[in-house]
Each structure stands twice: as structure tokens, then as C-alpha cells.
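Enquirer:
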Amino acid sequence: MSLQQNPILVTGATGKQGGATARRLLADGIAVRALVRDPQAPAARALADAGAEVVTGDFDTPATLDAAVAGARGVFLVPPAAFGPNGWNAELEATRGLAVIDAAKRASVDQIVFTGVASMTDDAAWGQAGKGSIEQATAASGLRYTLLRPVRFMENYVLRGSPVDGIVDGVQKHLFPADKPVQMIAIDDIAAFAALAFADPDRFQGRTLELAGDALTPVAALAAITRATGYPVRYHEVTEAEADALGEQIGNTWRLLHESGGGWRADIPALREIYPALNTLESWLDTTGAAQIKAQQDRDRLPAAH
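Numbered as in our numbering, the sequence shown ends at 377 without a single skipped number.
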């Protein structure tokens with residue numbers, strides 16, 4: 072398939088959302104310019120092998136961004152996560168996003184698709200402040216734009232290194248109430264909506280899409296994972312005291328999720344009308360998810376090296 076000229080600059084191209092979006096655009100015959108910090112990293116080399124133009128740049132070095140956006144017709148914007156021991160660094164995250172928006176304006180880029188995080192009743196507790204600043208700057212940029220707000224990733228079931236989430240020793244530990252449905256989205260579906268926005272900028276101009284593909288209680292989701300993988304897994308609902316011990320913002324998020332009406336509110340039927348192939352948890356497990364989770368659980372059961 073021949074690639075259309077005037078590439079889409081994909082930031083975060085070696086990350087989850089950026090990588091999935093770059094691959095989706097390439098599969099659709101769209102030229103991709105992938106912004107990376109290390110062009111020799113395996114993920115960067117894989118994108119180059121797939122046909123992407125790989126350029127070196129860094130959100131924290133704005134001077135590198137002008138060359139990256141030059142000649143691009145659109146930008147997929149996903150700044151690096153700014154979450155550390157003290158919680159969300161909203162100012163740093165906003166600064167990174169605004170640097171790309173400013174570079175895009177200087178280069179007269181036509182369109183920005185920004186992916187942030189789904190909204191709740193109190194977005195500050197969920198780390199939305201920095202992303203909110205980027206959304207406002209995107210809308211005020213004068214460029215055509217679409218705002219994507221994904222909920223929790225289905226791929227988080229294989230997450231490691233987070234104080235909550237992932238499945239460790241057969242247990243998923245999280246803040247969500249065990250009996251309340253939790254919305255979730257497959258990362259490839261975020262990429263699909265980004266690709267739709269780039270393919271039809273007029274249709275998606277100025278739209279904000281809260282993205283989810285399914286909603287299951289944590290207990291029901293883990294029952295589905297148990298059936299799909301053959302590994303018994305169970306849910307541990309973190310207590311308020313446990314959440315507070317993990318940090319002030321995690322404690323605040325626990326309280327938000329346990330309030331009446333707290334949680335995400337994506338309109339899944341409406342999204343499926345836009346994109347009928349939207350994954351449920353079951354379809355994600357059937358295609359790639361169960362294999363990923365099973366492989367990780369297999370590795371966890373290997374004897375430790377001495």
C-alpha cells in the first residue's frame with residue numbers, strides 16, 4: 072500500500088498509545104513521522120522497519136520539536152506521563168504539551184489529536200489538571216482538533232511497577248469498588264479513533280470523545296480472565312487506609328471512586344456506532360489479551376534464578 076504524503080507526527084511513538092496509533096496509521100496507508108528520544112531503541116527501530124520516518128526529539132527540549140513538526144499535516148499528541156512519588160506533576164505535563172502545540176502552530180500544522188484521560192466528577196483527584204490545560208490550549212490553537220479521553224486500559228491487567236493494578240500472585244489490587252462496573256478500553260481502539268479523526272478532520276473537528284469499550288465489575292472482569300487463561304485470579308479492593316498510605320492523591324482518588332456517581336461516563340453504544348469493531352473485554356481477551364496475561368503469569372511461576 073502506498074503511503075499518503077505529508078505525514079502525521081506521532082509523539083510518544085515508542086509508548087503504548089503512540090505506538091498503537093503509529094502502527095494503525097501505517098496500516099491505513101498514512102505516512103507517519105515518529106518522535107522518539109532514542110532512534111536505536113528496539114521500539115523505534117521496529118517503527119522504522121514498518122515504514123515510519125523516525126525523528127529524534129524531546130518534550131523537555133522544545134528546540135527539537137520545530138524540526139519534528141515541519142511539513143507534518145497533523146500531530147498525535149500524548150505527552151509523557153508526569154507522575155512521581157509526590158503524585159501528578161500537572162505543571163510539567165502541561166508545559167510538555169504546550170511546547171508541541173506551539174511548535175505545531177509555528178509550522179502551520181492542520182490538525183491535532185490529543186489523548187488525555189477520561190473525566191470524572193472531580194478531575195483534579197484523577198490527575199486531569201495538566202491534561203485539562205493541554206486540552207484548553209489545543210482548542211485555542213486555531214488548528215483543527217479532536218480530544219480523546221480514554222478510560223482505564225485493558226492492557227493494565229499486565230501492568231507492572233504501579234502501586235495498584237496488574238495481576239501479581241493471582242491478585243489484582245485496585246481502588247475500584249468490587250461491585251461497581253468499571254469502564255475500560257483496548258489501546259488499539261484508542262488508535263482506531265485517532266485514525267478516524269485524521270482520516271476525516273471535518274467530521275471530528277472540535278469533538279471530545281470519552282473512550283471506553285466495556286464496563287464490568289472488577290470481580291466479573293477477573294472471572295472472565297480466569298476463564299480465558301485458565302489461571303485463577305481474584306480481586307482485592309484497596310481500603311481507604313491502604314489508599315492513603317500510598318499517597319495523598321491515591322487516597323483522594325479512592326474517595327472519588329467510592330462517592331455516589333464517581334467514575335467514568337463514556338457513552339459506549341454511541342462509540343460503537345462510530346467504530347463498530349470496538350472491543351469488549353471478552354473480544355480483547357480472545358484476540359490478544361488472554362495470551363499476554365497467560366504469558367506473564369507463566370513467567371511469574373518460573374523458579375527464581377540464583
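Ideal Cβ placement from N, Cα and C applies to all residues, glycine included.
Just so we're clear, the structure is a prediction, and the values are computed from it rather than from any experiment.
Excluding the 5 residues flanking A266 on each side, which residues of the same chain have their C-beta closer than 8 angstroms to its C-beta?
Expert: Excluding residues within five positions, the ones whose Cβ falls inside 8 angstroms are T92, R95, L96, D99, I101.
Enquirer: Using the rule of at least 16 other Cβ atoms within 10 Å of the residue's Cβ for burial, across every protein chain shown, is A362 buried or exposed?
Expert: With fewer than 16 other Cβ atoms within 10 Å, it is exposed.
Enquirer: Quick check on D271: does DSSP put it in helix, strand or coil?
Expert: D271: coil per DSSP, three-state reduction.
Enquirer: What separation, rounded to the nearest whole angstrom, lies between the Cα atoms of G301 and V253?
Expert: The alpha-carbon atoms of G301 and V253 are separated by roughly 23 angstroms.
Enquirer: Per DSSP, which one or two residues make a beta bridge with M255?
Expert: M255 pairs with R223, D285.
Enquirer: Mind reading off the beta-carbon distance from R144 to D181? Whole number of angstroms is fine, and I expect it under 8 angstroms.
Expert: With a Cβ gap of about 5 angstroms, R144 and D181 count as contacting.
Enquirer: Looking only at DSSP bridge pairs, what is F247 linked to?
Expert: The partner list for F247 (beta bridge, DSSP) is empty, contrary to what the question assumes.
Enquirer: Report all residues from its chain with a CB closer than 7 angstroms to the CB of G89; omit the five preceding and five following residues, and keep chain order.
Expert: Answer for G89: V81, T82, G83, F147, V149, listed in chain order.
Enquirer: How long is the line joining the alpha carbons of P151 and S212, rounded to whole angstroms?
Expert: Their Cα atoms are separated by approximately 21 angstroms.
Enquirer: From H307, R343, T186, pick the residue whose C-alpha is nearest to that of L293; which is it?
Expert: The shortest Cα separation from L293 among H307, R343, T186 belongs to H307.
Enquirer: Could you tell me the distance, in whole angstroms, from the CA atom of R278 to the CA atom of E353?
Expert: Whole-angstrom Cα-Cα distance: 28 angstroms.
Enquirer: Leaving out the 5 sequence neighbours to the left and right, which residues in its chain are closer than 6 angstroms to I256 when beta-carbon positions are compared?
Expert: Once the five neighbours on either side are set aside, the close Cβ partners of I256 are P221, V222, L282, A283, G284.
Enquirer: Just checking my contact of A263 with S204 at CB under 8 angstroms: how many whole Å lie between their CB atoms?
Expert: That belief does not hold up - the Cβ atoms of A263 and S204 are roughly 26 angstroms apart, past 8 angstroms.
Enquirer: Express the C-alpha separation of A175 and V344 in angstroms, rounding to a whole number.
Expert: What sits at residue 344 in the sequence shown is Glu, not Val. Roughly 31 angstroms separates the two Cα atoms.
Enquirer: Hey, quick one: how far does the beta strand (DSSP E) through I167 stretch, first residue to last?
Expert: For clarity, residue 167 is Arg in the given sequence; the question names Ile instead. Per DSSP, R167 belongs to no beta strand (DSSP E); it is in the alpha helix (DSSP H), 161-177.
Enquirer: Looking at Y228: is its Cβ nearer than 8 angstroms to the Cβ of I79?
Expert: No, the pair does not count as a contact, with Cβ atoms beyond the cut-off.
Enquirer: For Q76, which residues of its own chain have a beta-carbon under 7 angstroms away from its beta-carbon, when the five flanking residues on both sides are left out?
Expert: Taken in chain order, the residues that qualify are A102.
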